[in-house]
Amino acid sequence: MVNSIIQWNCRGLKPNFNEVQLLIQKYNPLAICLQETFLRNSDTLSFRHFVGYHHHAVGDGRAHGGVSIILNGDIPQSKVTLNSPLQAVAVRVTLHIPITLCSVYLPPSLQLNPRDLDDLVAQLPLPFIITGDFNGHHSLWGSPDDNNRGKQIADFININNLCLLNDDSPTYLHPATASFSSLDLTICSPVLFQDFTWRVNENLCGSDHFPIIIDNNGPSPVERPQRWKLHKADWALFESLCLFSFDTKEIEDADESMALFTSILQDVAEQAIPKTTTEPKRFNKPWFNDDCKSALKERDRILRRLKKHPSMENIAAFQMVWAKARRTIRQAKKASWQSYVSRINSRTTSKSVWDRIRRINGKSSALSVNHLNVDNITLTTFPDIANSLASTFSFNSSSNFSSDAFRGIRQQQEKRRLNFKSRNDECYNDRFSIAELRDSLKRARDTATGPDEIHYQILKHLPYPTLLILLDLFNRIWVDGNFPPSWHEATIIPIPKPGKDHTNPTNYRPIALTSCICKTMERLINPTTSLLTSNVDFGPKGALLIISLDLKRSSGTLSSRSNI
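Put into structure tokens, the structure is as follows:
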């Protein structure tokens, strides 16, 4: 379940990069709010399938402090611009409702001006969650005594009518004195107080601050689309179930026959082919072996002993196992990389190699779902974002988007009458054969499915009797000239244009995933070029018109099939 937020003062993101990866592997969080990242402007650390927002604090030529928010790329998001002297970064995200996440770090040496906190809150869209290391002590969050910083923060919470999610659990281990205290706070708007549950992680994970897990009590905002596990398919069962009786002549309408055939095929596939879970994918690390597990288990054991019996002896023992665990992880990553390199050969695809190199270089391939800004209105929900993109794509492909000169020429050309008179004995009007259907499927490359979820592998494993049924349906569509309405539908994937403002819906290009059954028939019509569904239209009297660079099964640019 992807439904938690991690808050952590990591005391250096570079040295604890592996620990953050392990936290992602364990909790698969929605977001990670980090403090004291110690990153420079030139640092490019990234996490697979996550998008990073950073505020770097650099002075005297070295990094100090710094905050980051690492967000799951599947969550609608947009950065909030802040004008504050404090080390803070904020992002607007859509969880069960749109909220603002803010990560703050207040160094102990900072002379805190309470107005700075008030100004920061005024810039955060409501409701919000502020996570951070505030370096203040107060009884409100479990400290045995109050200091001046703690009193300022407590007054800030009370004056602004905010809520504190902390319980009395300590979040910091002082490495010199083996004492525990609470320095990390999670502050939220009152409307969010019942929506989240706050708890401290059981181990330090390489820092002197414990990670904090903030669980969202509502439904998960991320749901992974299900896909066929074709490598686990029972094709023998599938082929036996496909031997169903189906008389295409019982239904007069070819559209209804194709819809019924597709529905039966979907039911058969559900029984013989497993699907992936709707839970978002966990990115397990290939280098995380048994040695890493044992080292971390020993580190956690010594930490539990330290919590029960704080002493300098136990601190020293913990530091030793801590260092050993980090060394074990480094060695495991090195061995994993060496093993990968040794397996590279002439059969290794260049894509897999370059993907690995990009990840090593810190270049993230993650694409995020962005909030959109339309007419000064911010769209934050999935339906609003999808409808806005669909409206933009529709307008861009409509006549209104064309130039006046193009519309004038098109109107003139559309006035020309087409001659539909034909004896229908041309070669390209012949019925399709089973050999042509098999050839079309043979030349099909495995691609993503359309809305009907019928994969090419499903079509390629159809037994001969079922192929004959499909062939008969194709011929009925070809003769009648009635294009199935479902083939006009497509799953649209919006791809953001690089270097553009991704809050503007015009800065996306669409990729359409259409029906594999439809594309199979397209290759029957034109064996050399796979037509686009958008190139298919209806002429007068219901005739099917297909315009392509090379449509005719032998040669030519235009073919028509009149009603019979």
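Its first residue numbered 3, the sequence shown is counted upward by one per residue in the working numbering. Glycine included, C-beta positions come from ideal geometry on N, C-alpha and C. Note that the coordinates shown come from a computational prediction; the quantities given were computed from them, not determined experimentally.
N-terminal and C-terminal residue of the beta strand (DSSP E) that D135 is part of = Residue 135 sits at position 133 when you count from the first residue of the sequence shown. From DSSP, the beta strand (DSSP E) with D135 extends over F130 to D135.
key: DSSP state of H211 mapped onto helix, strand, coil   = Your numbering for residue 211 matches position 209 in the sequence shown. Here H211 sits in strand by DSSP.
request  = For L15, name the three-state secondary structure that DSSP assigns.
outcome  = Here the question's residue 15 lines up with position 13 in the sequence shown. Residue state, collapsed to three classes: coil.
key: From D217, R229, S183 and I131, residue whose alpha carbon lies closest to that of T278   = On the sequence shown, residue 278 is found 276 positions in, with the first residue counted as 1. Of the listed residues, the one whose Cα sits closest to T278 is R229.
task = Excluding the 5 residues preceding and the 5 following R478 in the sequence, name in chain order all residues of the same chain whose CB lies nearer than 6 angstroms to its CB.
result = Walking along the sequence shown from the start, residue 478 turns up at place 476. So the qualifying residues of the chain are A256.
task = Have a look at T535 and I26 and give me their C-alpha separation to the nearest angstrom.
result = Translated into the one-based positions of the sequence shown, residue 535 becomes position 533. Translated into the one-based positions of the sequence shown, residue 26 becomes position 24. No answer about T535 holds up, because its pLDDT of 41 lies below 50 and its placement is not dependable.
query = With respect to the alpha helix (DSSP H) encompassing Q414, which residues constitute its N-terminal and C-terminal limits?
reply = Taking the first residue of the sequence shown as 1, we reach residue 414 at position 412. Note, Q414: alpha helix (DSSP H), D406 to E416.
For V202, three-class secondary structure by DSSP = Here residue 202 corresponds to residue number 200 of the sequence shown, with the count starting at 1. V202 falls in the strand class under three-state DSSP.
ask   = So which of L185, S184, K234 and N219 has the shortest CA-CA distance to Q196?
value = Indexing the sequence shown from 1 puts residue 196 at position 194. Looking at the Cα atoms, N219 is the closest of the given residues.
request  = Check P223 in the structure and name its three-state DSSP category.
outcome  = Position 221 of the sequence shown, counting from 1, holds the residue named residue 223. It is coil, neither helix nor strand.
task = Tell me where the beta strand (DSSP E) around I2 begins and ends.
result = There is no way to answer for residue 2, as the model of the chain reaches only from 3 to 566.
task = Quick one: using the 10 Å Cβ neighbour count with 16 as the cut-off for buried, is A437 buried or exposed?
result = In the sequence shown, residue 437 corresponds to position 435, counting from 1. Exposed, since its Cβ has fewer than 16 Cβ neighbours within 10 Å.
inquiry  = Please state whether the Cβ-Cβ distance between V371 and S390 is less than 7 angstroms.
reply    = The sequence position of residue 371 within the sequence shown is 369, counting from 1. The sequence position of residue 390 within the sequence shown is 388, counting from 1. It is not a contact, given that the beta carbons lie outside the stated cut-off.
ask   = Which residue or residues does DSSP assign as beta-bridge partners of Q1?
value = Here the chain comprises residues numbered 3 to 566, so residue 1 is not present and cannot be evaluated.
inquiry  = Give the list of continuous alpha helix (DSSP H) stretches no shorter than 4 residues that lie fully inside the stretch 138-162.
reply    = 150-161
query = How should H139 be labelled, buried or exposed, when 16 other C-beta atoms within 10 angstroms of its C-beta is the threshold for buried?
reply = Counting from 1 along the sequence shown, the entry for residue 139 is found at position 137. That one is buried.
ask   = So S517 packs on I471, CB below 8 angstroms; how close in whole Å?
value = Position 515 of the sequence shown, counting from 1, holds the residue named residue 517. Position 469 of the sequence shown, counting from 1, holds the residue named residue 471. Not confirmed; about 17 angstroms, so no contact.
task = Report yes if the C-beta distance between G1 and T39 is below 7 angstroms; otherwise report no.
result = The first residue shown for the chain is 3 and the last is 566, placing residue 1 beyond what the model contains.
query = Using a Cβ-Cβ cut-off of 8 angstroms (strictly less than) and excluding sequence neighbours within five positions of G452, which residues of its own chain qualify?
reply = Here residue 452 corresponds to residue number 450 of the sequence shown, with the count starting at 1. Correct list, in chain order: E491, A492, T493, L515, T516, S517, C518 and C520.
task = Report the option in C104, G152, P146 and V123 whose CA atom is closest to the CA atom of L114.
result = Counting from one through the sequence shown, the residue named residue 114 turns up at place 112. When only C-alpha atoms are compared, the closest one is G152.
query = What first and last residue would you give for the alpha helix (DSSP H) that runs through S259?
reply = Residue numbering aside, residue 259 sits at position 257 when the sequence shown is read from its first letter. Segment A256 to A274, the alpha helix (DSSP H) holding S259.
request  = Work out the CA separation of Y458 and W143 for me, nearest whole Å.
outcome  = The residue labelled residue 143 in the question sits at position 141 within the sequence shown. The residue labelled residue 458 in the question sits at position 456 within the sequence shown. Answer to the nearest angstrom: the Cα atoms are 59 angstroms apart.
ask   = Count the other CB atoms within 10 Å of the CB of L461; is the residue buried (16 or more) or exposed (fewer)?
value = As a first step, residue 461 must be located in the sequence shown, where it is residue number 459. By the 10 Å Cβ count, L461 comes out buried.
ask   = In three-state terms, what does DSSP make of I346?
value = Counting from one through the sequence shown, the residue named residue 346 turns up at place 344. I346: coil per DSSP, three-state reduction.
query = With DSSP run on the structure shown, which of helix, strand or coil describes S6?
reply = The residue you call residue 6 lines up with position 4 of the sequence shown. In the structure shown, S6 sits in a strand (DSSP, three-state: E or B).
key: Cβ-based neighbour list, S171, same chain, cut-off 6 angstroms, excluding 5 preceding and 5 following   = For the purposes of this step, residue 171 is taken as the residue at position 169 of the sequence shown. Cβ within range, chain order: V202.
task = Find out if the Cβ-Cβ distance for the pair L41, L15 is shorter than 7 angstroms.
result = Within the sequence shown, numbered from 1, the residue matching residue 41 stands at position 39. Within the sequence shown, numbered from 1, the residue matching residue 15 stands at position 13. It is a contact, given that the beta carbons lie within the stated cut-off.
key: Endpoints, the alpha helix (DSSP H) within which C190 is located   = Taking the first residue of the sequence shown as position 1, residue 190 is located at position 188. Per DSSP, C190 belongs to no alpha helix (DSSP H); it is in the beta strand (DSSP E), D186 to C190.
message = If distances are taken between C-alpha atoms only, which option among W489, Y510, T505 and P487 comes closest to P498?
response = To locate residue 498, count along the sequence shown from 1; it is residue 496. The residue with the shortest Cα to Cα distance from P498 is Y510.
task = Please name the residue, chosen from I8, L47, N30 and R412, that lies closest to P17 on a Cα-to-Cα basis.
result = The residue you call residue 17 lines up with position 15 of the sequence shown. Taking only the C-alpha atoms, the option nearest P17 is L47.
query = Run through DSSP, which three-state label would D386 get?
reply = Within the sequence shown, numbered from 1, the residue matching residue 386 stands at position 384. Of the three classes helix, strand and coil, the one that applies to D386 here is helix, per DSSP.
key: Beta-carbon proximity of I189 to L166, cut-off 7 angstroms   = Position 187 of the sequence shown holds residue 189. Position 164 of the sequence shown holds residue 166. Yes, Cβ-Cβ distance for I189 and L166 is below 7 angstroms.
task = Between the Cα of I99 and those of T383, N528 and K417, spot the shortest distance and give me the residue it belongs to.
result = Taking the first residue of the sequence shown as position 1, residue 99 is located at position 97. The residue with the shortest Cα to Cα distance from I99 is T383.
task = Indicate the three-state DSSP secondary structure (helix, strand or coil) for K231 in the structure shown.
result = Within the sequence shown, the letter at position 229 stands for residue 231. The answer is coil: DSSP assigns K231 none of H, G, I, E or B.
request  = Count the CB pairs spanning the stretch 207-226 and the stretch 156-165 that are closer than 8 angstroms, and state whether there are at least three.
outcome  = no
Range of the contiguous alpha helix (DSSP H) that encloses L381 = What you label residue 381 is simply residue 379 of the sequence shown in a count that begins at 1. Per DSSP, L381 belongs to no alpha helix (DSSP H); it is in the beta strand (DSSP E), I379 to L381.
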